[in-house]
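Which chain is which? The protein sequence lines are A and B, in order. Counting in our numbering, the first sequence runs from 567 upward without gaps. Counting in our numbering, the second sequence runs from 629 upward without gaps.
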Amino acid sequence: MATNTTVTAQTDAAARDRISPIAAAQKSSSLTRDAWRRFTRNKAALAGLFFIAFVFFLAAAADVIAPYNFARQDLNAVNRPPGTAGYLLGTDQLGRDVLSRIIYGTRISMMVGLVIPLMIIAIGVPVGLIAGYFGKGIDTFLMRLVDVLYAIPNLLFVVLLMTYLRAKFPTITSGWMLPVKNFDKATGGMVGVFIGLGILSWLTTSRLVRGQVLSLKQKEFVEAARALGAKNSRIISRHLLPNTLAVVIVAATLGIPSAILGEAGISFIGIGVNPPTPSWGLMISEGVQYLRAYPYMLISPAIMLSLTVLSFNFIGDGLRDAFDPWMKK
Amino acid sequence: MTRYIVRRVLLLVPTLLAVYTISFVLIHAMPGGPFDTGDKPLSAEALARLNAAYGLDKPLWQQYLSYLWNVLHGDFGPSLVQQGRSVSDIFKDFFPVSLQLGLLAFLFAVVMGLAAGVFSAIRQNTPVDYFCTFGAIIGISAPSYVVASLLILLFANTFHLLPTGGWNGLFDKAALIPAFALALGPAAILARYTRSSLLDVLRQDYVRTARAKGLDERSAIVRHALRNAMIPVATVMGLSFANVITGSFFIETTCNVPGLGRYFVKSVNGRDYSVMFGTVLLFAAIIAVMNLIVDLLYGVLDPRIAYE
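Here's what the structure looks like:
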């Protein structure tokens, strides 16, 4: 087993040297370190990273930082403008503190920003690896499936699925779905959001991984591994998977902004998280209703949502340039 | 070419069938029937008669087929909430508004996106380029409903130049805010693609030749570079159109435009399943047909594509 690993490592290194003479000259630098150096030179990406770190901090420390609970109503202070004593960003139509709701709202967006990329990886990578590696009938079947799913307008599907889940969850009283339902209830409807947004988000990634595997499996190091008697599962997990990592990381990161916008969108329509869970999308939709009289209700969640999405876009672009300076589009 | 078109049209069938099947399964799996009236349940007898009248007592596979047959003939069945009205009637009332708004927004998106992309490519790394790139980033990061509400705040509430919402036809100033907000996201994507594609093409030998033979800059760009740069851009146009169509849910709700998008959101909240079903099918069909047109356009722009 140990010998096998060493041989693999050598073959990989040799392959890399052949592909990139520069990498061979600087023995000390690895793919990740090179990528990190390029990433940190990108000012927009770094700024995005700092902002997201700040948002993550807000999400983690919401219980300590937020002045009030997100659902607490002060009926003596309804629709107060920003700057009112005790309510820095004002209160909404139910007397809830906008600042606290913004801070707790980071949790929703960050959960979506963590879970959806994980779902993209968990479904998209295996599908791409299997389709690309085994080829033939399996490949044709999986890729036609992806083609058809791709052609379904995403938002329409998500709306249908969310409506179904929102109607279905309350009727579940037993069975294996019960813990799912209870978790959904405890998180203010997040499970439904994850299912709705995640179930079609992996398509692009599976195509990308498949494309990578198709070219990688022709390379000598795969042939060498097979000659040494490695099983399919080992070739896939030890040789192909690590080499698709850069593409997967970039694709998953670039999927975050659309996931966050997706959650905000379905919550805006009214089928995302359940009130009073403070989703920024839900806050924006309430803000739109009171736009003429109390515009501040709209402005703070809108700014937070846009800045968060912008930051993730910058980070994704930065990662793409960092991992593959030659990759285009 | 003809064979390619036929094959592409035939590929529409499994796609739309998949959309139909998924929607059908989801809507029929919803708990509760359409005639659950809440506190005052109908008598079993009345319920049975209603189900029989709407064909809901038949086996599911029969409903699946008969409804498919009806849909193919433009009959989406009765609305479950608006009594006495069929889904097709509702479409007739609300869809023309969405169509007008969508086409106007698509026009805005193409004009803004191409103009911004071309200007930032030929003035690369100048303030013009930075301004357009910044605009594109805003367009990608800010959701359309946020853009629309901020525009309402600015132009309607503060400066009183435009109405806060409503719809008085295509050539009314009330159409400006919704169409612009709906167009901004797709325009940003188009601008990005146009810029990078045109920058690629401008470095090609044939553009250098065109300049070398003494063509002025305008003809070199318009006649030689732009035509070729449009080829990859055409592929994202289909996507832009899909964005405009589904974006109508948010924009029509925000700007109070009485279109199908806003009605769809209402039907989602009112659980009018037949309207939801019909709208999903209608929008999916429009998007699929639009993608087909874009693919065919691709061949007109680039005769090298042989439609294998």
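For glycine and all other residues, C-beta sits at the position ideal for the given N, C-alpha and C. In this text the structure is predicted, and so the values were computed from the model without any measurement.
Got a sec: is the Cβ-Cβ distance from residue i to anything in chain B below 8 angstroms?
i, result
"Gly884/A", "no"
"Val854/A", "yes"
"Lys734/A", "yes"
"Ser675/A", "no"
"Val725/A", "yes"
"Tyr730/A", "yes"
"Ala524/A", "The structure shown does not extend to residue 524/A, since chain A is modelled only from 567 through 895, so no value can be given for it."
"Ser872/A", "yes"
"Phe889/A", "no"
"Ala611/A", "no"
"Leu615/A", "no"
"Ile850/A", "yes"
"Val714/A", "yes"
"Asn879/A", "yes"
"Ala590/A", "Caution applies to Ala590/A, whose pLDDT of 49 falls short of 50 and renders its modelled position unreliable; the model cannot decide the point."
"Leu806/A", "no"
So residue i contacts chain B; which residues on that side make the cut at Cβ distance below 7 angstroms?
i, result
"Ala830/A", "Pro771"
"Val875/A", "Ser769"
Which same chain residues, not among the five before or five after residue i, have their C-beta less than 8 angstroms away from its C-beta?
i, result
"Val875/A", "Pro823, Ile826 and Leu827"
"Gly882/A", "Val816, Thr819, Leu820, Ile822 and Pro823"
"Val922/B", "Ala862, Thr863, Met865, Gly866 and Phe869"
"Arg710/A", "none"
So residue i contacts chain A; which residues on that side make the cut at Cβ distance below 9 angstroms?
i, result
"Asn785/B", "Leu857, Arg858 and Pro861"
"Met904/B", "Val725, Leu726 and Thr729"
"Leu781/B", "Leu857, Arg858, Pro861, Leu864 and Ile865"
Within 8 angstroms of any Cβ in chain A, is that where the Cβ of residue i sits?
i, result
"Ala733/B", "no"
"Ala680/B", "no"
"Val908/B", "yes"
"Ala816/B", "no"
"Ser651/B", "yes"
"Ile633/B", "no"
"Thr874/B", "yes"
"Met858/B", "no"
"Met658/B", "yes"
"Thr822/B", "no"
"Ala853/B", "no"
"Ile765/B", "yes"
What residue range does the alpha helix (DSSP H) around residue i cover?
i, result
"Asp640/A", "No alpha helix (DSSP H) holds Asp640/A; DSSP gives it neither H nor E."
"Leu684/B", "Careful: Leu684/B lies outside any alpha helix (DSSP H) and carries neither H nor E."
"Gln728/B", "Val715 to Ile750"
"Ser868/B", "Arg855 to Cys883"
"Phe787/B", "No alpha helix (DSSP H) contains Phe787/B, which DSSP labels as neither H nor E."
"Ser872/A", "Tyr862 to Phe889"
"Leu684/A", "Val664 to Met685"
"Leu830/B", "Leu804 to Leu830"
"Leu640/B", "Thr630 to Ala657"
"Leu779/B", "Ser772 to Leu779"
"Ile801/A", "Per DSSP, Ile801/A belongs to no alpha helix (DSSP H) and is neither H nor E."
"Ile822/A", "Leu807 to Ile835"
Hey, is residue i's beta-carbon within less than 8 angstroms of any beta-carbon in chain E?
i, result
"Pro719/A", "Of the protein chains in this structure, namely A and B, none is chain E."
For residue i, which residues in chain A fall below 7 angstroms Cβ to Cβ?
i, result
"Leu654/B", "Leu726, Leu727 and Tyr730"
"Leu897/B", "According to the sequence as given, residue 897/B is Asn; it is not Leu. Those within 7 angstroms of Asn897/B in chain A are Gly836."
"Val647/B", "Ile718"
"Val893/B", "Ile835"
Note down, in chain order, each residue of its chain lying with its Cβ closer than 6 angstroms to the Cβ of residue i, except the 5 sequence neighbours on either side.
i, result
"Ile655/B", "Tyr901 and Phe905"
"Met918/B", "Gly866 and Phe869"
"Leu763/A", "Ile682, Ala825 and Gly828"
"Ala601/A", "Ala888 and Phe889"
"Phe760/A", "Val681"
"Thr810/A", "Val775 and Gln778"
Among residues of its own chain, excluding the 5 on either side of residue i, which ones have a beta-carbon nearer than 7 angstroms to its beta-carbon?
i, result
"Leu730/B", "The residue asked about is misnamed: residue 730/B is Gly in this sequence, not Leu. Contacts found: Val872, Ile873 and Ser876."
"Tyr834/B", "His852"
"Ser866/A", "Leu655, Val664 and Ile668"
"Val621/A", "Thr672, Met676 and Thr874"
Name the chain B residues whose beta carbon is nearer than 8 angstroms to that of residue i?
i, result
"Ala868/A", "Ala770, Val774, Ser777 and Leu778"
Does the beta carbon of residue i fall short of 7 angstroms from some heavy atom of the ligand ATP?
i, result
"Gly614/A", "With respect to the ligand ATP, the structure shown offers nothing to examine, as it has no ligands at all."
Please list, in chain order, the chain B residues whose beta carbon lies closer than 9 angstroms to that of residue i.
i, result
"Thr819/A", "Those within 9 angstroms of Thr819/A in chain B number zero; the least Cβ separation is about 15 angstroms."
Residue i versus chain A: which residues are under 8 angstroms apart at the beta carbon?
i, result
"Ala916/B", "Ala717"
* Does the count of Cβ pairs from the segment 672-691 of chain A and the segment 721-735 of chain A closer than 8 angstroms reach three? -> no
* Asked: For the segment 718-738 of chain B against the segment 828-838 of chain A, are there 3 or more C-beta pairs whose distance is under 8 angstroms?
  -> no
* Using 8 angstroms as the Cβ pair cut-off and three pairs as the minimum, do the segment 797-806 of chain B and the segment 821-835 of chain B touch? -> no
* Would the segment 632-642 of chain A and the segment 600-613 of chain A be scored as touching if the rule is three or more Cβ pairs under 8 angstroms? -> no
* Spell out a yes or no on whether the segment 736-746 of chain A and the segment 839-855 of chain A are touching, meaning 3 or more CB-CB pairs, one atom from each, closer than 8 angstroms. => no
* Asked: Given 8 angstroms as the limit, is there contact between the segment 856-863 of chain A and the segment 785-792 of chain B, that is, 3 or more CB pairs closer than that?
  -> yes
* To do: Report yes or no: do the segment 641-651 of chain B and the segment 877-892 of chain B share at least 3 C-beta pairs separated by less than 8 angstroms?
  => no
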